[in-house]
Each structure stands twice: as structure tokens, then as C-alpha cells.
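Undergrad: Please find one structure pasted underneath; my questions will follow.
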Amino acid sequence: MFKKILIANRGEIAVRVIRACQETGIRTVAVYSDVDRPSLHVQMADEVVCIGEAPPLESYLDMGKILDAARTTGAEAIHPGYGFLAENHRFAARCEKEGIVFIGPDSKALKLVGDKVASRNTLSQIGVSIIPGMKSTGKEIATFQKEAEKIGYPVMIKASAGGGGKGMRIVRNPKELKQSIEAGMREAKSAFGDESVYLEKCIERPRHVEFQVLADHYGNVVHLFERECSIQRRHQKIVEETPSTALGAELRRTMGETAVDVIRATGYTNAGTVEFLLDEDKNFYFLEINARIQVEHPITELVTGVDLVKWQIRIASGEKLTIRQEELFQRGHAIECRIYAEDPANNFLPSLGKIHFLKNPEGPGVRVDSGIYSGYDVTRYYDPILAKLIVWGEDREASRKRMVRALRDYVVLGIKTTIPYLKDVMQEPDFVSGSTTTDFIEKNLGNWKESEREEFLEVALVAAAIQDVLQQEADSGVRKKIAFSPWTTLGNWRIGSR
Amino acid sequence: MDIEFLHKENLFKISLNKKDGRIVATLGDEKWEVDVHFISSNRMSFLIGSRSLDVYLAKAGGKMYVSVNGENYCFTSPDEEDDLGTVRRGETTVETELTITAPMPGSVLKVNVKEGDKVEEGQCLVIVEAMKMETGLHSAIRGEVKKIHAIEGKQVDAGEVLIELEEI
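Line by line, the protein sequences give chains A and B. In terms of the working numbering, the first sequence opens at residue 1 and continues consecutively. In terms of the working numbering, the second sequence opens at residue 1 and continues consecutively.
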């Protein structure tokens with residue numbers, strides 16, 4: 001087992017990996033950009049290295065600086081998290097060359113699955129069904145126009161190096177094509193450092209169902225069942241759950257076996273996810289392999305009892321996978337809600353600034369993977385994900401109700417978050433009944449407004465008034481000499497004394 | 001003691017008094033007798049009769065953020081009206097039709113028009129980016145580009161004017 005691991009990421013996923021290391025007795029090295037000095041991963045790691053300025057290209061995407069940091073600190077392995085360099089085969093190759101273990105698949109498999117076009121071609125040859133689309137990426141608008149006509153509108157633009165919805169766009173008519181391609185290429189370039197995009201047929205009203213897999217270096221491959229990730233906004237998942245309400249035992253088995261076949265055919269090792277689109281007639285199409293630990297991995301951990309991040313580390317260190325397929329089963333139901341620094345009432349614009357107060361939800365079956373704290377300043381430079389709220393329940397309805405309770409128990413003051421929006425998602429009749437397709441948001445919550453409950457408005461006003469009085473006193477220095485006593489007195493009358 | 005707050009352009013006046021160790025708050029015609037327990041600088045427990053309410057507060061940038069039993073509210077003090085007035089002006093449709101402003105802090109990715117260009121309603125004029133997400137800013141009118149302040153690659157603050165339009 002490794003003695004020291006460098007985590008080439010930030011935010012909640014860096015925290016998640018650091019925790020796995022702490023529980024395994026592995027020392028951790030965090031890297032950070034100058035604006036991330038106050039970030040949680042910097043506080044939690046054993047050692048830290050500043051790798052440059054805020055823009056990702058000058059820090060978290062700078063391979064040289066990260067490898068230098070690993071060498072200087074003597075880290076034997078690098079965990080890339082998700083995003084940034086996680087699916088970059090050049091980075092994996094450089095790690096291999098330097099004798100540092102990249103916690104993920106090897107550069108060859110990463111290159112194959114990272115090239116969405118090549119991997120689809122490879123897999124269609126072994127009989128895995130894929131969505132009709134371009135056989136290669138394009139550069140010229142004319143090429144895209146010709147291909148789009150051939151495939152037939154609507155078409156989907158996808159980033160070849162992509163993931164997480166970055167660069168993805170639906171184009172419904174030829175007039176929108178040029179602008180969308182340009183935007184898709186720019187987004188792909190800034191998110192992955194590679195602007196290649198391609199087109200494929202857009203399947204309407206599908207479900208997004210993915211299978212988690214683990215594969216070691218000795219040919220052992222297992223799948224850990226599905227995650228349903230159909231609740232998406234701008235192709236970004238916001239809610240995930242497992243099991244999927246769309247799969248019966250037979251379909252689950254078939255899709256699971258296909259996922260394992262896909263992993264074997266690509267020579268993929270470590271943790272990965274095989275994404276499928278499931279259409280209304282329950283036909284499934286291979287989409288892509290996500291060659292990383294995914295944002296939504298905790299729901300799989302909760303229903304299978306398998307710690308995926310620890311297995312990533314074990315597999316990378318050369319250990320054998322001791323879990324057998326027949327020992328794995330899904331127990332209960334798990335849901336994840338992504339907490340973003342976005343204003344859901346204002347077109348989900350990023351909401352930046354200081355989190356003045358944070359209280360995480362607690363209680364049975366509640367897990368919070370978070371990168372924030374009271375006093376944390378949300379900067380403009382990185383992905384708006386702040387935290388993930390994950391709940392487990394004996395069945396779907398118990399899990400859903402628990403999520404509603406936990407969201408109500410989640411307090412973030414100072415910036416806007418998606419919490420109030422997620423509360424409404426959880427209570428939307430289509431979600432309650434499990435009719436979750438990728439058009440769920442557009443159909444049910446397209447024009448969302450926060451419904452403030454008048455019931456508590458007056459209470460809130462009274463509380464604000466009390467706080468204001470206390471604040472004024474504290475500011476005027478009335479109670480300055482007595483530490484923290486504003487909270488026991490109010491003006492010239494004491495609340496504590498009766 | 002009287003305190004005033006603005007909430008969604010409504011002015012509320014709250015008077016606070018003390019009675020038997022409780023706080024009596026008067027709000028309009030209503031009187032509330034509240035047993036307040038201070039838990040921390042950001043948290044209070046309210047008992048109103050037998051009703052228990054969990055209250056979280058934070059004051060920042062002239063705003064008071066309050067969360068009661070999972071419901072969020074934001075109040076401003078009328079003293080901060082100058083600041084608020086600015087924000088309000090930015091939100092009125094009359095002005096935003098002619099001035100395209102950055103909706104959030106970020107950087108200007110692409111400017112699609114030149115000064116003097118005729119623009120159509122709904123045309124994408126400029127793309128700003130923050131947190132790796134692109135946001136296109138569209139014209140709400142048919143008009144002409146009067147002045148461009150936005151420079152590609154430059155950081156901008158929320159509310160900063162990027163493009164000025166003129167009606168034709």
C-alpha cells in the first residue's frame with residue numbers, strides 16, 4: 001500500500017479522497033491555487049503545495065507543477081479526483097514515465113475510452129449498441145453541417161474529451177448549428193484543454209442510466225449496479241438515485257453484463273462508469289465510459305456497502321479485487337442532491353461570495369460530502385459544486401422523504417444555493433412517481449420561482465430585529481468588555497434574568 | 001425599540017419590548033410573545049406558546065439573511081436604501097433593455113457585435129463565463145450598438161455595463 005498520495009484536485013472530492021487516505025493510514029499531499037489557500041482540502045491534508053494562480057490552466061491543469069509537487073513531497077501516487085486532469089491520458093502517461101502511480105486506468109485505456117469516437121467504434125464492433133453519429137470529430141462548420149443533415153435533426157454536440165455535460169448542446173435546426181458548435185468547442189477547450197467535438201443523434205425523452213464498475217490488474221471485473229441520473233439541467237446532473245425505477249431484474253442483469261463486457265473490451269482498470277441512454281422502449285445505448293470516480297459515487301457506496309475510493313487506491317497499489325459479482329446486491333435506496341453555488345430563481349447564475357453561516361444536515365442515513373464551511377468564500381474560478389447531500393432509506397419513498405427532511409435541515413446563509421430548488425424537485429409528482437426522464441426539469445421546473453412560505457416571514461422579521469439590536473449594541477461597544485455577552489443580554493433588559 | 005426592514009419592497013416595522021424575561025414583538029396589529037434562547041451568534045431558538053422554531057441568522061453586506069425551519073428570507077435595512085436603490089434600478093426592464101450588464105462576476109469570453117451594428121431582438125451580443133459555465137447575454141430589443149465596454153478575456157464584476165444599445 002502507498003505511504004503518501006497527492007490529490008490533484010480541490011473542493012469536496014479532494015476532501016473525500018483525503019478522508020479515504022486518513023482511514024487507510026496514508027499521508028496526503030494537497031495542491032492548491034493561491035485563491036484556494038482557505039479551502040478545506042488545504043486544511044485537511046498533511047502536506048500542501050501551492051501550484052500557482054487561480055485560473056485552472058495555471059494550477060490544477062498544470063501537469064508539470066503537479067508532478068513537481070509529487071516529486072518534492074515524495075508522493076508515490078496521484079489521485080486526480082474528477083474533472084481537471086482526471087481523464088487526461090497525457091497526464092497518466094507522464095505519471096507512468098516518472099514512476100508515479102496514476103490512480104485510475106493506464107494511459108492506453110484512458111486514451112481509448114477518452115476518445116469517445118474511437119471507443120464507440122471499438123465497442124460497436126463487439127456488438128454493443130451505440131447511438132448513430134459521426135465516426136470522427138470535425139473542425140470545419142461545413143463538415144458538421146453535412147453530418148448533421150445525414151444524422152437528422154435534432155442532433156447533440158458532444159466534446160470528445162468531455163464529461164459532466166461540458167460542451168454538450170442540443171441543436172434543433174440548422175440555423176443554430178454554427179453558434180452552438182463554436183460555444184461547444186470553447187467550453188470543451190476551457191474545461192478539458194481539447195476543443196474536439198462531434199455530433200450524434202439526439203434521443204428524445206431518454207433516461208440516463210449508468211453502471212459503476214471496478215476492475216483490477218488481474219482480469220477481475222465487477223459491476224456495482226446502476227445509478228439513474230436523468231434529472232439534469234443543461235446536461236449537468238443535479239439529482240441521482242439508485243436503484244433506477246426503470247430497471248427490472250432482467251434488464252439490470254443485461255445492462256450490468258454489457259458494462260462488464262465494455263470494460264473488458266477496452267482493457268480498462270480501476271473504478272469507472274459505463275453510461276447508457278435508455279429509451280422509452282427500454283432499448284439501451286452505450287454512451288461513454290467515465291474514466292474517473294464520479295460525483296455521484298456515494299449513492300452506490302450506500303446501497304452496496306463498498307467504499308469505491310478506497311478500492312481505487314487498493315487497485316492502483318496492485319491489490320486484487322476480492323469482491324465477487326455474486327456477493328454484490330443493492331440494499332435499500334439512495335439519492336444524491338448536488339448543492340451548487342447557483343441562484344435557481346435567476347437562471348442558475350453563479351452565486352459568489354462569503355458563506356456567512358453553514359449548518360450541515362445530520363441524522364440517520366444522511367451523508368454530506370462537502371468542501372465548504374462557515375466563513376468560506378466562493379470564488380468565480382471553479383465549478384460551482386459546493387457539496388453533495390446523500391441519503392439512504394429502506395426504500396425509495398423513505399429515501400425521498402429523508403432527503404426532503406435533510407434539505408430542510410441544511411442551512412447556507414450569505415449566498416444562493418440550489419437547496420430550495422432541490423426541495424421542490426423531491427416533491428414534484430413526476431419525481432415522487434419515479435417518472436424521471438432527462439426532460440424532467442424542462443417539463444416540471446423550467447420556470448421555477450422560490451415559494452416563500454409566509455408562515456415564517458413574521459418570525460424571521462422578529463428574529464432579524466432582535467439580531468439587529470444586538471448587532472448595534474455590539475458595534476457601539478456597549479458590551480465590548482464582556483466576551484460574547486450580547487447573546488445573554490438585549491439592550492438594558494436582560495433576557496436571561498427572570 | 002423600533003426596527004425597520006425591507007422585504008421585497010414592503011416595509012415592515014417591528015417594535016421590541018421586554019416582558020417577564022420574554023420578548024414582546026409588535027408587527028402591525030400583531031403581538032408576539034417570544035421566549036428566545038440564544039445558542040450562538042448565528043442561531044436562536046424561539047418558543048412562541050408551545051411552538052418551537054429553529055432560527056439561523058447572518059448579516060452581511062447590508063442584508064440580513066434568516067432561515068426559519070428550513071425557509072429562507074432576506075431583509076434589508078431602509079438605511080441602506082442608497083445601495084438598494086442601485087440594485088433596484090439595475091433590475092428595471094427599461095434600463096436593462098438598453099444596457100447589457102454582467103449578471104455575475106466572471107470574464108468576457110466573446111463579444112459578438114461591433115459598435116454601430118444593428119441587432120435583432122433575442123440576438124446574442126456577448127458571452128460571459130464564470131465557474132466554467134457560459135452565459136449568453138441577449139438583446140431584448142431591435143436596435144443599434146451604441147458603445148461596447150466589454151473586452152474579451154477581461155474580468156468583470158456583477159452589474160458592470162458591457163454593451164450599450166440604442167433604439168432605432
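Note that CB positions come from ideal geometry on N, CA and C, so glycine has one too.
If you measure from the beta carbon of N10(B) to each beta carbon in chain D, is any gap under 7 Å?
TA: This model lacks chain D altogether, as its protein chains are A and B.
Undergrad: Can you tell me whether A271(A) is helix, strand or coil according to DSSP?
TA: Taking the first sequence and counting its residues from 1, one reaches residue 271(A) at position 271. Note: A271(A) maps to strand in three-state DSSP.
Undergrad: Check for me: the beta strand (DSSP E) holding R520(A) runs from which residue to which?
TA: Since the first and last residues shown for chain A are 1 and 498, residue 520(A) lies out of range.
Undergrad: Give a yes or no on whether 7 Å exceeds the smallest Cβ distance from P413(A) to chain B.
TA: The residue given as residue 413(A) occupies position 413 in the first sequence. The sequence given here places Leu at residue 413(A); Pro does not occur at that position. True, the Cβ-Cβ gap to chain B drops below 7 Å.
Undergrad: What residues from the region 343 to 361 of chain A come within 7 Å of chain B, judged by C-beta to C-beta, listed N to C?
TA: Residues passing the 7 Å Cβ filter: L349, P350, L352, K354, H356, F357, K359.
Undergrad: On the premise that V117(A) lies in contact with I289(A), defined as a C-beta separation below 8 Å, what is that separation, rounded to the nearest angstrom?
TA: Counted from its first residue, the first sequence places residue 289(A) at position 289. Counted from its first residue, the first sequence places residue 117(A) at position 117. The Cβ separation is near 13 Å, so there is no contact.
Undergrad: Around the C-beta of N346(A), are 16 or more other C-beta atoms found within 10 angstroms, so that it is buried, or is it exposed?
TA: Taking the first sequence and counting its residues from 1, one reaches residue 346(A) at position 346. Classification for N346(A): exposed.
Undergrad: Going by DSSP, which residues form a beta bridge with S45(B)?
TA: Stepping through the second sequence from its first residue, residue 45(B) is reached at position 45. S45(B) is bridged to H37(B), D54(B).
Undergrad: Would you kindly check if the distance between the Cβ of A188(A) and the Cβ of G167(A) is under 7 Å?
TA: Counted from its first residue, the first sequence places residue 167(A) at position 167. Counted from its first residue, the first sequence places residue 188(A) at position 188. The answer is yes: Cβ separation under 7 Å.
Undergrad: With burial defined as no fewer than 16 other Cβ atoms inside 10 Å of the residue's Cβ, what is the status of A249(A): buried or exposed?
TA: For the purposes of this step, residue 249(A) is taken as residue 249 along the first sequence, with counting starting at 1. Exposed: under 16 other Cβ atoms inside 10 Å.
Undergrad: Any beta carbon of chain A sitting closer than 7 Å to that of P78(B)?
TA: For the purposes of this step, residue 78(B) is identified with residue 78 of the second sequence, where counting begins at 1. Closer than 7 Å: no.
Undergrad: Taking only three categories from DSSP, how would you classify P350(A)?
TA: Looking up residue 350(A) in the first sequence gives position 350. Strand at P350(A).
Undergrad: Please classify F225(A) as buried or exposed, where buried requires at least 16 other C-beta atoms within 10 Å of its C-beta.
TA: Reading the first sequence from its first residue, position 225 is the one you call residue 225(A). Looking at its Cβ environment, which holds 16 or more other Cβ atoms inside 10 Å, F225(A) is buried.
Undergrad: Tell me the rounded alpha-carbon separation between R253(A) and K111(A).
TA: For this step, residue 253(A) is matched to residue 253 along the first sequence. For this step, residue 111(A) is matched to residue 111 along the first sequence. Going by the C-alpha atoms only, they are around 28 Å apart.
Undergrad: Looking at the C-beta of G153(B), does it have a partner C-beta in chain A at a distance below 7 Å?
TA: Taking the second sequence and counting its residues from 1, one reaches residue 153(B) at position 153. It does not: the Cβ of G153(B) has no partner Cβ on chain A nearer than 7 Å.
Undergrad: Just tell me which of S160(A), T437(A), E195(A), L214(A) has its CA closest to the CA of K320(A).
TA: By 1-based counting over the first sequence, the position of residue 320(A) is 320. Selected option, being the one with the closest Cα: L214(A).
Undergrad: So with Cβ pairs under 7 Å, would you call R453(A) a contact of chain B?
TA: In the first sequence, residue 453(A) corresponds to position 453, counting from 1. R453(A) counts as touching chain B.
Undergrad: Residues of chain A with CB under 7 Å from K118(B), in chain order?
TA: As a first step, residue 118(B) must be located in the second sequence, where it is residue number 118. In chain order: nothing, as chain A lies at least about 18 Å away.
Undergrad: What are the residues of the region 415 to 447 of chain A that lie near chain B, defined by any Cβ-Cβ distance shorter than 7 Å?
TA: Here the close residues are P420.
Undergrad: If we count Cβ pairs, one from each stretch, closer than 8 Å, do we get three or more for the region 426 to 441 of chain A versus the region 15 to 25 of chain B?
TA: No: the two stretches stay apart, fewer than three of their Cβ pairs being nearer than 8 Å.
Undergrad: Are the C-beta atoms of G49(B) and some chain A residue less than 7 Å apart?
TA: For the purposes of this step, residue 49(B) is taken as the residue at position 49 of the second sequence. For G49(B), the answer is no, since every Cβ of chain A falls outside 7 Å of its Cβ.
Undergrad: Give a yes or no on whether 7 Å exceeds the smallest Cβ distance from E115(B) to chain A.
TA: The residue labelled residue 115(B) in the question sits at position 115 within the second sequence. So no, E115(B) is outside the interface.
Undergrad: Is there a Cβ of chain B sitting closer than 7 Å to that of Q22(A), yes or no?
TA: Numbered from its first residue, the first sequence carries residue 22(A) at position 22. It does not; no Cβ of chain B falls within 7 Å.
Undergrad: Counting C-beta neighbours from all protein chains within 10 Å, is the total for N88(A) 16 or more, i.e. buried, or is it exposed?
TA: To locate residue 88(A), count along the first sequence from 1; it is residue 88. Classification for N88(A): buried.
Undergrad: Leaving out the 5 sequence neighbours to the left and right, which residues in its chain are closer than 6 Å to E91(B) when beta-carbon positions are compared?
TA: Position 91 of the second sequence holds residue 91(B). Bear in mind that a pLDDT of 35 at E91(B), under 50, signals an unreliable position, so the model cannot answer this.
Undergrad: Skipping 5 residues on each side, what residues in its chain have a beta carbon closer than 8 Å to that of G52(A)?
TA: Taking the first sequence and counting its residues from 1, the one referred to as residue 52(A) is at position 52. Within the same chain, G52(A) has close Cβ partners S33, D34, E58, S59, D62, K65.
Undergrad: Could you check where the alpha helix (DSSP H) with W448(A) kicks off and where it finishes?
TA: Position 448 of the first sequence, counted from the first residue, corresponds to residue 448(A). First-last for W448(A): undefined, no H or E at that position.
Undergrad: What are the boundary residues of the beta strand (DSSP E) that Y74(B) is part of?
TA: The residue labelled residue 74(B) in the question sits at position 74 within the second sequence. Note that residue 74(B) is Cys in the sequence shown, not Tyr. Unbroken beta strand (DSSP E) run through C74(B): 71 to 76.
Undergrad: State buried or exposed for V432(A), treating a residue as buried only when at least 16 other CB atoms are found within 10 Å of its CB.
TA: Here residue 432(A) is taken as the residue at index 432 of the first sequence, counted from 1. The residue is exposed, with fewer than 16 neighbouring Cβ atoms inside 10 Å.
Undergrad: Does any CB atom of chain A fall closer than 7 Å to the CB of L53(B)?
TA: Start at 1 with the first residue of the second sequence, and residue 53(B) comes out as number 53. Closer than 7 Å to some Cβ of chain A, the Cβ of L53(B) qualifies, so yes.
Undergrad: Grouping DSSP H, G and I as helix and E and B as strand, with all else coil, what is G85(B)?
TA: For the purposes of this step, residue 85(B) is taken as residue 85 along the second sequence, with counting starting at 1. Any reading at G85(B) must be qualified, since the residue scores a pLDDT of 38, below 50, and its modelled position is unreliable; no value is offered.
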